[in-house]
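Chemist: The following block contains the structure, expressed as structure tokens.
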Amino acid sequence: SLSDRLGGVFDRLRGRGALSEDDVRAAMREVRIALLEADVALPVVRRFIDRVTEEAVGQSVLKSVTPGQQVVKIVNDALVEMLGSEAADLDLAAAPPVVIMMVGLQGSGKTTSTAKIGKLLKEKRGKKVMMASLDVNRPAAQEQLRVLGEQAGVATLPIVPGQSPVEIATRALHSAKLQAVDVLLLDTAGRLHVDQALMDEMKAVAAISVPKETLLVVDSLTGQDAVNVAQAFAGEVDLTGVVLTRMDGDARGGAALSMRAVTGKPIKFAATGEKLDAIEPFQPERVAGRILGMGDIVSIVEKAAATIKQDEAEKLAARMAKGQFDMNDLRMQLQQMQRMGGLGALAGLMPGMKKAKAAMAQSGMDDKVLLHMDAIIGSMTAKERTKPELLNAKRKIRVAKGSGTTVQDVNKLLKMHMEMAKAMKQIKKMGGLKGLGALFG
Ligand code: GDP
Ligand code: MG
8 SLSDRLGGVF DRLRGRGALS EDDVRAAMRE VRIALLEADV ALPVVRRFID RVTEEAVGQS
68 VLKSVTPGQQ VVKIVNDALV EMLGSEAADL DLAAAPPVVI MMVGLQGSGK TTSTAKIGKL
128 LKEKRGKKVM MASLDVNRPA AQEQLRVLGE QAGVATLPIV PGQSPVEIAT RALHSAKLQA
188 VDVLLLDTAG RLHVDQALMD EMKAVAAISV PKETLLVVDS LTGQDAVNVA QAFAGEVDLT
248 GVVLTRMDGD ARGGAALSMR AVTGKPIKFA ATGEKLDAIE PFQPERVAGR ILGMGDIVSI
308 VEKAAATIKQ DEAEKLAARM AKGQFDMNDL RMQLQQMQRM GGLGALAGLM PGMKKAKAAM
368 AQSGMDDKVL LHMDAIIGSM TAKERTKPEL LNAKRKIRVA KGSGTTVQDV NKLLKMHMEM
428 AKAMKQIKKM GGLKGLGALF G
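Okay, here's the thing in structure tokens:
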């Protein structure tokens, strides 16, 4: 498994604190193979590896895990982020009837997914739903949707033989308006291969129905091929999301990563079977675990990080409850961040930290700055640490020299400390730790 391979790569690394570029590159060779085995498209693999390499180099390794495990966690987090870390819901904010157009190749699972989504919107969201099949190529296609609609308890547009897809769509819109339907699902025709006739038909339907959502339905088992399909569709219509079908098969999840990267659109649903209930919101964590095949390692590292958080957080919490926050507290925080793998890892570990990280990056604060700040506090006397207001111009020059930084850097740190101390007082006022949500949420 990838975990064994990474273990080998990192055996010689034991005892060292941070992941070096060479170590990370060696690990990435293994990750690359794992991704290709999971059927991720090659250009996507390249992009992913570059990104993770940049993020992993220089990260320090948690004490209780091996470097290999830590890398797996970094890779996992990057996968989750690339797969879409926020839940992507359907956007139904428009005047009814809100149109959802389903597109994709023949056999991808469009008609089944249409019925599944219709059922879900009706049962879980209380929407009044109508479905219409625009598939005039296959004789039984419209009948198939009608039968599924009956099973799902969702209305379908009555079938009128001899109409074109645009004519059916026009009739569906009209009928949906008359019946005060909330959501109209249009199941378009598929082809065995992407061709211009299919694209033109799809565009014509989109032009008259103005869909709020255009969902590309892709069979996750088609792996690499799914990428070409996605590219072709994304170039022709404004996709808003992807539905990945046959996630119940032995797909290793590679298609999901490729889809997301190629279309830039969120995967909104994963379909997991033929039954009409077999659909769920897409879960990036689960798919990331499937690609790497190592959910347990990820949880080990998470636990290790959580333990550290717990210890230090308890100490800090006790002081915060009293509204205290001096340089020693700040230093403890900085060291904790450092140990947990710097700002990057922290952002991946704690909910809400992503925003904080983005803000820090914007103000030019990165992992190097963490080290600088630690050095600055290290150059202060014990008295200065508990009473930072003692730091006058002369003392600042001394501290800057001692830490190899500038007076400007020292001032920046003091300002940051002041703001944090203020926040701590605020928290005390707001009722202690309960108020913390406001800071990190
Ligand atoms: P369409 O041509 O794109 O409309 O595809 P269909 O909806 O007709 O589906 C083709 C076949 O795939 C049918 O037999 C479906 O029951 C089956 N199918 C659709 N989605 C899934 C899924 O998520 N898992 C499995 N195992 N089968 C599926
Ligand atoms: Mg169909």
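Count along the sequence shown from 1, add 7, and you get the number used in UniProt numbering.
By construction, the Cβ of each residue, glycine as well, lies at the ideal position given by its N, Cα and C atoms.
1. To the nearest angstrom, how far is the alpha carbon of Asp232 from that of Lys429?
2. If you draw a straight line from the alpha carbon of Leu264 to that of Arg297, how long is it in whole angstroms?
3. Taking only three categories from DSSP, how would you classify Ala179?
4. Report the residue from Arg338, Leu398, Met423 whose alpha carbon sits nearest the alpha carbon of Ile384.
5. Give me the Cβ distance between Val78 and Leu26, rounded to the nearest whole Å; I'm assuming they're in contact under 8 Å.
6. Figure out for me which residue from Pro273, Asp30, Leu191, His200 has the closest Cα to the Cα of Ile124.
7. Cα separation between Val105 and Ala176?
8. Give me the Cα-Cα distance between Asn83 and Gly261, rounded to the nearest whole angstrom.
9. Quick one: grab the DSSP three-state call for Lys441.
10. According to the neighbour-count rule (16 or more other Cβ atoms, all chains shown, within 10 Å of its Cβ), is Glu396 buried or exposed?
11. Could you tell me if Arg267 is buried or exposed, where buried requires 16 or more neighbouring beta carbons within 10 angstroms of its beta carbon?
12. Over what stretch of residues does the beta strand (DSSP E) that includes Thr252 continue unbroken?
13. Answer yes if the segment 205–224 comes into contact with the segment 145–155, meaning at least three C-beta pairs across the two stretches below 8 Å, and no otherwise.
14. Under three-state DSSP, which class holds Met380?
15. Do Gly197 and Leu112 have their C-beta atoms within less than 7 Å of each other?
16. I need the boundaries of the beta strand (DSSP E) containing Met109, first residue and last residue.
17. Are Leu341 and Leu377 close, meaning C-beta to C-beta below 7 Å?
18. Pull up the distance between the alpha-carbon of Gln170 and that of Pro103, whole angstroms please.
19. Any heavy atom of ligand 2 closer than 6 Å to the Cβ of Asp142?
20. So does Ser148 have its beta carbon nearer than 6 Å to some heavy atom of ligand 2?
21. Take Asn144 and list the residues in its own chain whose beta-carbon comes closer than 7 Å to its own, dropping the five residues that flank it on each side.
22. Using the Cβ count rule (16 or more neighbours within 10 Å means buried), how would you classify Gly37?
23. Taking Cβ positions, are Ala277 and Leu246 nearer each other than 7 Å?
24. Can you list, in chain order, the residues of its chain with a C-beta nearer than 7 Å to that of Gly355? Leave out the 5 residues immediately preceding and following it.
Modeler: Put simply:
1. If you take the alpha carbons of Asp232 and Lys429, they lie about 56 Å apart.
2. 11 Å
3. helix
4. Arg338
5. With a Cβ gap of about 7 Å, Val78 and Leu26 count as contacting.
6. Leu191
7. 13 Å
8. 13 Å
9. Annotation note: pLDDT 44 at Lys441 (below 50); position unreliable, no value reported.
10. exposed
11. buried
12. 248–252
13. no
14. helix
15. yes
16. 105–111
17. yes
18. 24 Å
19. yes
20. It should be noted that the sequence gives Ala, not Ser, for residue 148. Checking every heavy atom of ligand 2 against the Cβ of Ala148, one is found closer than 6 Å.
21. Result list for Asn144: Ala196, in chain order.
22. A small fix is needed here, since residue 37 is Glu in this sequence, not Gly. It is buried - the Cβ of Glu37 has at least 16 other Cβ atoms within 10 Å.
23. no
24. Bear in mind that the predicted position of Gly355 carries a pLDDT of just 43, short of 50, making it unreliable; the figure below should be weighed with that in mind. So the qualifying residues of the chain are Asp84.
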